[in-house]
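Residue numbers (this note's numbering): 21 to 245.
Built from N, CA and C at the ideal position, the CB exists for glycine as well.
Computed from a prediction, not measured in an experiment: that's the story for all the values here.
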């Protein structure tokens, strides 16, 4: 796990990739997950992407170790007591999702999405934090990533109003992204069919195409549509 702190980018990426693969084969101690989670704050896109992928593969240990680290900066007692940290691991660090760098906040949201609904169990504060990011972050891609994480964690009560609102966003790429997210709901998005039908008449053809695909995913394509 120490290799994820190596000064060489290639070594850090390879270490995260290796830990992810090992985690798919057997349960790893939580310090491995914590070491990978720290890469979410790395200055290079490749390292952050590898960390997101690896955490998703590690499963429950990663949720237990990293949910708090990402969201509120808390480090589980089990990790703090682990000998590999020599008893010097602090109880709290700066939350990754509150980084001053948008790319880090984005990676944090993506990591939560990859960890899935089990994060709710280990870090109950995750919903409130993601809602704050989804509503107030200065960067559109970070807000979208937070919305996606809320959806993955099952918090549709917040997720859907924002997505529906973005169907009328000035940026066509935002409209497309919102339509795709509704399509991902499958039959759960059936009550939004009338809104998607409106998008079939959008001025931009990618939006119209995405609306058609979403309607197919929901299973609401008929002669009237």
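Just confirm the distance between the C-beta atoms of residue 50 and residue 76, as a whole number of angstroms; I'd bet it's less than 8 Å. 16 Å between Cβ atoms; not a contact.
Provide the residue span of the alpha helix (DSSP H) that contains residue 207, from first to last. Run containing residue 207: none; DSSP gives neither H nor E here.
Inter-residue CB distance, residue 125 and residue 162 (contact presumed, cutoff 8 Å): The Cβ separation is near 5 Å, so the contact holds.
For residue 152, count neighbouring C-beta atoms within 10 Å of its own C-beta (all shown protein chains included) and say buried if the count is 16 or more, exposed if not. Counting the other CB atoms within 10 Å of its CB gives residue 152 a total below 16, which places it among the exposed residues.
Please give the ranges of any alpha helix (DSSP H) in the region 159-195, keeping only runs that are unbroken, at least 4 residues long and fully inside the region. Within the region 159-195, the complete alpha helix (DSSP H) runs of at least 4 residues are 160-172, 176-186.
Using 10 angstroms around the beta-carbon of residue 148, count the other beta-carbons present and answer buried if the total reaches 16, otherwise exposed. With fewer than 16 other Cβ atoms within 10 Å, it is exposed.
In whole angstroms, what is the alpha-carbon distance linking residue 30 and residue 52? Cα-Cα distance, rounded: 18 Å.
Quick one: what's got a C-beta closer than 7 Å to residue 136's C-beta in the same chain, skipping five residues either side? If we look at residue 136 and ignore the five residues flanking it on each side, its Cβ neighbours are 172.
How many whole angstroms separate the CB atoms of residue 166 and residue 143, which I take to be in contact at a CB cut-off of 8 Å? The pair is not a contact, with the Cβ atoms about 15 Å apart (cut-off 8 Å).
Hey, out of 190, 33, 176, 232, whose CA is closest to residue 200's CA? Comparing Cα-Cα distances from residue 200 to each of 190, 33, 176, 232, the minimum goes to 232.
By the three-class DSSP mapping on this structure, what secondary structure does residue 29 have? Helix at residue 29.
Can you tell which of 157, 170, 57 has the C-alpha that lies nearest to the C-alpha of residue 180? Among 157, 170, 57, the Cα nearest to that of residue 180 is on 170.
Which of the three DSSP states, helix, strand or coil, is assigned to residue 89? Shown here, residue 89 sits in a helix according to DSSP, grouped into three states.
Simplified DSSP state of residue 239, which is helix, strand or coil: Of the three classes helix, strand and coil, the one that applies to residue 239 here is coil, per DSSP.
Would DSSP call residue 129 helix, strand or coil? Helix, per DSSP.
For residue 41 and residue 56, what's the separation of their Cα atoms in angstroms? When the Cα atoms are used, residue 41 and residue 56 turn out to be separated by approximately 12 Å.
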